[in-house]
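Going by the UniProt record's numbering, 32 is the number at position 32 of the sequence shown; the sequence numbering is gapless.
C-beta atoms are modelled at their ideal positions from N, C-alpha and C, and glycine is treated no differently.
In what follows, a structure is listed as structure tokens, so that the remarks can point back to it.
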Amino acid sequence: MTDLAGLDLDADLVVLSGCDTGRGEVTRGGDVVGLARQLLAAGARSAVVSLWPVDDRSTCVLMDDFHHRLAAGENAAEALQGAQQFLRSLTALDLHERYTVLCAAVGEDAPGPGSARRSPAQEDAPLRTAEWAAFVLIGRP
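Right under this line is the structure:
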């Protein structure tokens, strides 16, 4: 974390779409020190971070929708909420289809639907909360 201490980010928004990017260590004084706090201390006005390990497929689809919403003029809070609501409306099969399209757009092959950790009977089931709710916005919207 000391590498971030000297930075002057001057960024409105930093997005960290990896696993556990919003978690930190509790100090003896009760403060929580982590990557998200260091980004804000280095000048980022807000950050989108995850609170637990995230699935690649759902994160890819969520971040695609989130960034499209930002580009359309929504603020970060609105864009994240909208992207999470969108993802929440998908089934496992919908998610796989959207992920496949996004992979193809960047020249990658998507893993088959069997690697999505769901049985065929679950393809029409809504996504689990862990798949759409991991990300939070900290700082200013």
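For a cut-off of 8 Å, the C-beta gap from A133 to Q84 is around 7 Å, short enough to register as a contact. Check the Cα spacing between D10 and each of S17, L39, G34: the tightest is with L39. The beta carbon of T59 sits closer than 7 Å to the beta carbons of S17 from its chain, once the five residues preceding and following it are set aside; these are given in chain order. Annotated as proximal: V49 and V136, with beta-carbon spacing under 8 Å. DSSP places V61 in the uninterrupted alpha helix (DSSP H) bounded by 56-71. In the same chain as A125, and ignoring 5 residues on each side of it, the C-beta atoms closer than 7 Å to its own belong to T91, A92, in chain order. For A47, the enclosing beta strand (DSSP E) covers residues 46-50. Here A104 is exposed: its Cβ has fewer than 16 other Cβ atoms, across all protein chains shown, within 10 Å. About 5 Å separates the Cβ atoms of L70 and A79, confirming a contact at the 8 Å cut-off. Judged by beta-carbon spacing, L4 lies beyond the 8 Å limit of A36, meaning their Cβ atoms are not closer than that value.
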